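Undergrad: Here it is, the structure in full.
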Amino acid sequence: MFKIPLPEIKGMILKSGKISAEDLEKKIKAKINDLSGLISEEGAAHIIANELGVELVKQGDKLKIKEIYSGMKDVSTLGKVVKKFDVREFAKQDRVGKVCSLLLGDETETVRVVFWNDQVDLLSKVNEGDILEIKHGYVKENNNAKEVHLGDRGELIINPQGQKIDSVRQGPSHERKKIKELADGQGAEVLGTVVQVFDPRFWPVCPRCNKKVLEMGQGFQCTEHGEVTAGLSYVLNLILDDGSGTIRGVFWKNQIHHLLGKEEQEMVVFKDNPSLFESVKTDLLGEQFKVIGSTRRNEMFDRLEFNVNLVEKANPEEEIKRLEKS
Ligand SMILES: [Zn+2]
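Just so we're aligned: 5 in the numbering used here is position 5 of the sequence shown, and the numbers increase by one with no gaps anywhere.
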């Protein structure tokens, strides 16, 4: 199942004209009831779309970025390079791996596209502002954000002939805000200095649905997929300060990798040996980062938190230019 936000599924069903908004709500409730509450509202909406013959996703065609959803396995799209990030190298067993990503945008949305190892060389000729056509990529969920990966079958065409992107929708999620201006439920970009770092937390997850799994005897049990070989997920919190205020930044697995320049096999070490993380904390303190994400209220602790979808080291030149412009 693809991860399509509920309002979008509902929108697509209603657009088909096959059911009224009122009836759709009733049908969703009835479906959840039928299945004794074992499915989510999204799940119920998916089933109803299926029953009504409403196609929620187009596969194979060239998609607008907004039409790309996590879980898709054969995605082709076209966009303009909004931002190219630095290449990062990492040790994997006895080899050195590398990863590079960029932010691709069209008039509907932006998405991070990730390139691994040999694919990274393809990017040496790519500059910000170039048009890229991605063919046969797949889409991964990265804690609330989708990421397009090229994969083995993927193809990249740089500045394909006759193709252009007139405008890129950056969306409100990229607007720079002061920490004191952050409001619940809003997307923003924040520039902040790390003033406190907490220990990462680790938990086993199902490799298929990424949900937390329970240890049962020798193995792990996923409520949806039964006995599985567990993968590992983790979260890291730190406090960012920009002079106007402070906020707790929440970094999930992939963003922790971007934040620390580390890969999973390096993170595992901290799970087994938390004291080794102390020096990582010390290194982070005083560092300045640019983060893009959204603010949400943590009801349990009654505080605002910033859920990070993109992180990069602050670029002093870029910041000076920004100050000159304003
Ligand atoms: Zn599962």
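Every residue gets a Cβ at the ideal spot worked out from N, C-alpha and C, and that includes glycine. Owing to the predicted nature of the structure, the values given are computational and were not obtained by experimental measurement.
Looking at the strands, I want to know which residues DSSP matches up with M72.
TA: Answer is none; M72 lacks a bridge partner.
Undergrad: Are the CB atoms of T193 and E287 nearer to each other than 9 Å?
TA: It is a contact, given that the beta carbons lie within the stated cut-off.
Undergrad: Would the beta-carbon of T223 be found less than 8 Å away from any heavy atom of ligand 1?
TA: Within the cutoff, so yes.
Undergrad: What does the Cβ neighbour count give for A44, buried or exposed, with the cut at 16 atoms within 10 Å?
TA: Burial call: buried.
Undergrad: One question on the structure: do G245 and L238 come within less than 9 Å of each other, judged by their Cβ atoms?
TA: No; because the gap between Cβ atoms is not below 9 Å, this pair is not in contact.
Undergrad: What is the DSSP secondary structure of K146, reduced to helix, strand or coil?
TA: DSSP places K146 in strand when its eight states are reduced to three.
Undergrad: Counting only the same chain and skipping the five closest in sequence on each side, list residues whose C-beta sits under 8 Å from that of I247.
TA: Same-chain partners within the cutoff: I179, L182, V190, G192, I239, L240, T295, L304, E305 and F306.
Undergrad: Between the C-alpha atoms of P172 and I292, what's the straight-line distance to the nearest angstrom?
TA: Because P172 sits at a pLDDT of 49, beneath the cut-off of 50, its placement in the model cannot be relied upon, and the following sentence gives the value as read from the coordinates. The alpha-carbon atoms of P172 and I292 are separated by roughly 11 Å.
Undergrad: Considering only residues of the same chain and omitting the five flanking positions on each side of K73, which have a CB-CB separation below 7 Å?
TA: Closer than 7 Å at the Cβ level, and outside the excluded window around K73, lie Y138.
Undergrad: For F115, list the residues DSSP reports as bridge partners.
TA: Bridge partners of F115: C100.
Undergrad: Give me the DSSP bridge partner(s) of L236.
TA: F251.
Undergrad: Taking the C-alpha atoms as reference points, what is the distance between M300 and V269?
TA: Each residue's Cα considered, the two are about 30 Å apart.
Undergrad: Looking only at C-alpha atoms, which of E317, N309, L232 and V195 sits nearest to T282?
TA: Comparing Cα-Cα distances from T282 to each of E317, N309, L232 and V195, the minimum goes to V195.
Undergrad: How many angstroms separate the CA atom of K62 from the CA atom of S76?
TA: Approximately 5 Å, taken between the alpha carbons.
Undergrad: Compare the Cα-Cα distances from E215 to each of V205, C209 and E224 and report the closest residue.
TA: When each option's Cα is compared against that of E215, the closest is V205.
Undergrad: Flag this pair as yes or no: are the beta carbons of I134 and V113 separated by less than 9 Å?
TA: The answer is yes: Cβ separation under 9 Å.
Undergrad: Excluding the five sequence neighbours on either side, which residues of its own chain have a C-beta within less than 7 Å of the C-beta of V280, listed in chain order?
TA: Cβ neighbours of V280 beyond the five flanking positions: L260.
Undergrad: I need the straight-line Cα distance from T229 to K18, nearest angstrom please.
TA: Rounded to whole angstroms, T229 to K18 spans 42 Å at the Cα level.
Undergrad: List the residues that DSSP assigns as beta-bridge partners of L123.
TA: Answer is none; L123 lacks a bridge partner.
Undergrad: Among L52, L285 and K3, whose alpha-carbon lies nearest the alpha-carbon of K27?
TA: The candidate whose alpha carbon is nearest that of K27 is L52.
Undergrad: Identify the residues that DSSP records as bridge partners of F90: which are they?
TA: Looking at the DSSP assignment, F90 forms a beta bridge with G97.
Undergrad: For the alpha helix (DSSP H) that contains P204, what are its first and last residues?
TA: It is not in any alpha helix (DSSP H) - P204 instead sits in the beta strand (DSSP E) that spans R201 to V205.
Undergrad: On the CB-based measure, 16 or more other CB atoms within 10 Å of its CB, does N254 come out buried or exposed?
TA: Per the 10 Å Cβ criterion, buried.
Undergrad: Say yes only if the C-beta of G303 is nearer than 8 Å to one or more non-hydrogen atoms of ligand 1, and no if none qualify.
TA: Per the sequence presented here, residue 303 reads as Arg, with Gly not at that position. False, no ligand heavy atom lies under 8 Å from that Cβ.
Undergrad: Which residues in the same chain have their Cβ closer than 6 Å to the Cβ of G154, if we skip the five residues on either side of it in sequence?
TA: H136 and G137.
Undergrad: Report yes if the C-beta of V75 is less than 8 Å from at least one heavy atom of ligand 1; otherwise report no.
TA: No, Cβ of V75 sits at least 8 Å from all heavy atoms of ligand 1.
Undergrad: Do you know offhand how far A145's Cα is from E8's?
TA: Going by the C-alpha atoms only, they are around 15 Å apart.
Undergrad: Express the C-alpha separation of N33 and P322 in angstroms, rounding to a whole number.
TA: The question names Pro, but residue 322 is Arg in the sequence shown. Whole-angstrom Cα-Cα distance: 53 Å.
Undergrad: Give the DSSP-derived three-state secondary structure of F289 in the structure shown.
TA: Strand, per DSSP.
Undergrad: In the DSSP assignment, find the beta strand (DSSP E) that holds F306 and state where it starts and stops.
TA: Note, F306: beta strand (DSSP E), R303 to K313.
Undergrad: Alpha carbon to alpha carbon, what distance is there between I39 and L156?
TA: One C-alpha to the other measures close to 38 Å.
Undergrad: From G105, K140, G11 and D118, pick the residue whose C-alpha is nearest to that of V99; which is it?
TA: Measuring from the Cα of V99, the nearest candidate turns out to be D118.
Undergrad: Within 10 Å of its beta-carbon, does P200 have 16 or more other beta-carbons around it, so buried, or fewer, so exposed?
TA: The residue in question, P200, is buried, as its Cβ has 16 or more Cβ neighbours within 10 Å.
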